Amino acid sequence: MRWCAHVAVVAGLGLATVCGAQQERARIRELLNVMQPLTSPDGTFKVRAVDEERKPQRLPMLNFCRGVQQRLMAATGMRTGGGGVIFVVVGSEEEETLEGISLARGGEMVSYMIGVRNPETVDTALLGGVVTACLLNSWLMGEQERAGTAEEEKVPLWFAQGMAMFLEGLQREACFEAVEAMMMEGRLGTVAELLEDGGGDRVTAAVLVAWLLEAGGKYCYLRLQESLAKGAKWSGEELREALLGMTAAEAQVSWDLWVQQCRWRVYRPGMTSEGVWGRLRQQLYVYPVDSPMKALEGQRGRTFGELLEMTPTTGRRRAAEDRMLALRMSAVGRSKSYQEVVEGYCEFLTGVAEGERRERLRTRLQIAEAMYLAAYADVKGLNKEQGE
C-alpha cells in the first residue's frame, strides 16, 4: 500500500509538472503572439502592441503609417527602401517626446522607434508629421549611405508636419484661409523667414510646403534629397535653391502671387470641374515598363480591366505601382470626392501589386468604377442645373 501511495504521489507530481509546463508554454506563446509585430508589405514599418488589450490596434496603426507613406511617395517621387525599419509600439509607456508620442533613433537595423501611448486619443495630425519626418530622414540616410557621406537626420519636424498636413488634405481650405488672412493683415513673415522655421506653426508650414511642391515642379523633392545626401546642410537658402532654383526676390514674388491666387484654385472642396473628371478617365491606363509587358501587343496602354486579367509578373506589379503614384499625385489639391475616387482605384492597384486574387481585385475595381461614375454624374447634373 505504501508503494502504491508513493507511486500515486510521484504520478501526481509528474502530472502537475507537465500541466505547469504546458501552462507556461501557453503563456509564452501568448506573449510572443502579442510581441509579434505586423509588418508592412515593403518592410518599412513594423507595429507591435505592449499587451493583449492593445493587440487589435496594431492593424489600424499599420494602415495609418502606410497611408502617410503612400501619400508622401506620390508627392515626392520617392521609392521604398532606405535607412532601415521604422518600429511603432502601440501602448508605449516611454517618456513622451511630443504629446502622446515618443520618438527615438534606432540601432543598426531599425532607423526609428515611435511609441504611441493611446492611438484612440493621439493627435493624428501630429503623429502623421512624426511618421513623415521618420520616413524622410530614413530615406535620406539611405541615400547618404550610398553616397558614402555622414549619416545624419536633417529634415526638421516643422517641414515634415507641414508636408503631412498638406498631403492629408482634410484642413487644407482652412489652412489657406488662415495664411491668406495673415498676409492681408501684415502678420506673415518674408519667404526667407518662413523657410527657416515654417512660420512657427503647422498651418503656415502646410501652405508653405504646398507652394514649394507646386512651384518647384514634379518630384522637386528628389533634387533636395540629392543635395542633402551629398553633404548640404538644411537651411532656408538650401530649400529655396534646391526646390525652386530661384533667387530670394523671385521666390518672394512667386509666394505672394501664389497665396493671392489660391482663392481661385481647386483647393476648395467641391471645385473639381467636369473637365477634370473627364481627364481622370484618361489616366486610367497602365503602360509597359519592362520586357514582360512590352511583349504584349506593342506599346499601347492597357485598361485596368486588362491589367486585372494579366498573369502576375514583375512587369504587372511595376506598372500598377507607377500608375498608383501618378494617380495620387494628380489628386493632390483636388476635392475630397476626387481624392476618394482616386483612392478607390489605388486600392485596386495596391491589390494588383501585392498579388491579390482576381475575384478580390475585380470587386475592388467595380467599387472604384461605381464611385467614379457616381461622382462624375453628380458634377454633370450640377452643371446642367446651373445651365438651366
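Those letters in the sequence shown? Residues 29 to 416, by the numbering used here. Heads up, the beta-carbon is just placed ideally off N, CA and C, and yes, glycines get one too. Just so we're clear, the structure is a prediction, and the values are computed from it rather than from any experiment.
- W239 is a Cβ neighbour of W283, given a cutoff of 8 angstroms.
- Taking the Cα positions, D229 is about 18 angstroms away from V159.
- The C-beta separation of A233 from G227 comes to about 6 angstroms, placing the pair in contact by the 8 angstroms criterion.
- If only uninterrupted alpha helix (DSSP H) runs of at least 4 residues are considered, those enclosed by the segment 162-243 are 185-196, 200-212, 219-225.
- Closest option to E337, judged by alpha-carbon separation, among E302, R390, V369: R390.
- No Cβ-Cβ contact shorter than 8 angstroms links A202 with V183.
- Using a C-beta cut-off of 8 angstroms, the segment 330-345 makes no contact with the segment 81-92, since fewer than three inter-stretch Cβ pairs fall below that distance.
- Taking a cut-off of 8 angstroms on C-beta distances, the segment 93-102 does not touch the segment 118-137, as fewer than three cross pairs fall below it.
- Apart from the 5 residues on each side of it in sequence, R76 sits with its Cβ closer than 8 angstroms to the Cβ of V62, M63, Q64, P65, L66, R86, F115, V116, V117, V118 in its chain, given in chain order.
- Exclusion of the five residues before and after G244 leaves L271, L272 as the residues of its chain whose Cβ lies within less than 7 angstroms of its Cβ.
- Per the C-alpha coordinates, the member of E371, A405, R268 positioned closest to L393 is E371.
- When C-alpha distances from L223 are compared across Q367, R268, Y366, W286, the shortest belongs to R268.
- Pairing R345 with G217, the inter-Cα distance amounts to about 46 angstroms.
- Taking 8 angstroms as the cut-off, the Cβ atoms of Y373 and L355 count as close.
- For E179, same chain residues with a beta-carbon under 8 angstroms away, outside a window of 5 residues either side, are G111, M169, Q172, E173 in chain order.
- At a Cβ-Cβ threshold of 8 angstroms, V314 and A277 do not count as neighbours.
- Boundaries around M141 are those of the beta strand (DSSP E), 138-144, since no alpha helix (DSSP H) includes it.
- For the 8 angstroms CB-CB criterion, L236 and G105 do not form a contact.
- With a cutoff of 8 angstroms on beta-carbon distance, L155 and V144 are scored as near each other.
- Residue pairing of L126 in beta bridges, as defined by DSSP: I129.
- Cβ-Cβ distances below 8 angstroms link T152 to F92 in the same chain, with the five nearest sequence neighbours on each side left out; the list follows chain order.
- Comparing alpha-carbon positions, the option among Q97, V150, G214 lying closest to W167 turns out to be Q97.
- With a threshold of 16 other beta carbon atoms within 10 Å, T378 meets it and is buried.
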